[in-house]
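Residue 103 in full-length UniProt numbering sits at position 103 of the sequence shown, and the numbers go up by one each step.
No residue lacks a Cβ here, since even glycine has one placed at the ideal position from N, Cα and C.
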Amino acid sequence: MLRAAALLIYANEKGSDFESKFNKNDSKQLKQRLKRSLSGATDENSKFEEEEDASLNTSRQKRRRLAAQQHRHRQHNSGSAAACRRADLYVDFGQLNWQDWIVAPSGYAAYQCKGRCSHPLPSHLNSSNHAIMQSLLHSIDPGAALAPSCVPVQMSSITILYRDTNNNALVVKAYADMRVDACGCQ
Numbered sequence: 001m002l003r004a005a006a007l008l009i010y011a012n013e014k015g016s017d018f019e020s021k022f023n024k025n026d027s028k029q030l031k032q033r034l035k036r037s038l039s040g041a042t043d044e045n046s047k048f049e050e051e052e053d054a055s056l057n058t059s060r061q062k063r064r065r066l067a068a069q070q071h072r073h074r075q076h077n078s079g080s081a082a083a084c085r086r087a088d089l090y091v092d093f094g095q096l097n098w099q100d101w102i103v104a105p106s107g108y109a110a111y112q113c114k115g116r117c118s119h120p121l122p123s124h125l126n127s128s129n130h131a132i133m134q135s136l137l138h139s140i141d142p143g144a145a146l147a148p149s150c151v152p153v154q155m156s157s158i159t160i161l162y163r164d165t166n167n168n169a170l171v172v173k174a175y176a177d178m179r180v181d182a183c184g185c186q
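Listed below in structure tokens is the structure:
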């Protein structure tokens, strides 16, 4: 039907040029097909055109569904709560039953990394080149590669005062990589 309508419009605009290229029968047939399709009547050619229109509509619907799905995916992954970031995590030595040997502190802010690493990876996430390529592959085909992980990329130490039961002494020691300072996609 779309093809018939387009040719009919072309025929009306071009007048005799159209008729010189195509005979008057073709023009009349197109007009008849258009009238039939508008009135609901069908013939073999209009059935083919309806199938063609239906397949075009189906592919358009698929493209629209895919675009909507990708948009929802981007919205879901781009929210501030979903993006890779440092989040609170407090370690209480009392809850671990370590208060007998750890004198101070009673606990500390360890922090943790939470969130998604979706393509494209923002520059502030300290992503490696490997993670960038991995995220690109994952965005194209999720089965080809896993998404990069949100992990600590910068950590700091904490100082702990504890009892050494073997020597019956108090010890002050700095333990490296105990607190998350920054997160990134790796």
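- When the Cα atoms are used, what is the spatial distance from Ala169 to Ala147? 48 Å
- CB-CB length for Cys113 against Val172, believed under 8 Å: Cys113 to Val172, Cβ: 29 Å. No contact.
- Task: Express the C-alpha separation of Lys62 and Ala176 in angstroms, rounding to a whole number.
- Result: 53 Å
- Message: Tell me the DSSP secondary structure of Ser135 in three-state form.
- Response: helix
- Kindly indicate which three-state DSSP category Leu170 falls into: helix, strand or coil? strand
- Message: Within 10 Å of its beta-carbon, does Ala131 have 16 or more other beta-carbons around it, so buried, or fewer, so exposed?
- Response: Buried, since its Cβ has 16 or more Cβ neighbours within 10 Å.
- Please classify Ser157: does DSSP put it in a helix, a strand, or coil? strand
- From the DSSP output, which residues share a beta bridge with Pro152? For Pro152, which the question treats as bridged, DSSP gives the partners Cys183.
- Find the nearest neighbour of Tyr111 within the set Thr58, Val151 and Asn166, judged by alpha-carbon distance. Val151
- Quick one: grab the DSSP three-state call for Gln61. helix
- Would you report the Cα separation of Asn167 and Asn126, rounded to the nearest angstrom? 44 Å
- Rounded C-alpha distance that separates Val103 from Gln154: 27 Å
- How far does the beta strand (DSSP E) with Cys113 in it reach, from first residue to last? Gln112 to Lys114
- Query: Would Thr159 pass as a contact of Ala145 if the rule is Cβ separation under 8 Å?
  - Reply: no
- Report the rounded CA-to-CA distance for Ser139 versus Ser149, giving the unit in angstroms. 14 Å
- Message: Would Ala182 and Arg116 be called neighbours here (beta carbons separated by less than 8 Å)?
- Response: no
- Message: Less than 7 Å between C-beta atoms, sequence neighbours within five positions excluded: which residues of the same chain meet that for Ala81?
- Response: Because Ala81 sits at a pLDDT of 48, beneath the cut-off of 50, its placement in the model cannot be relied upon, and the point is left open.
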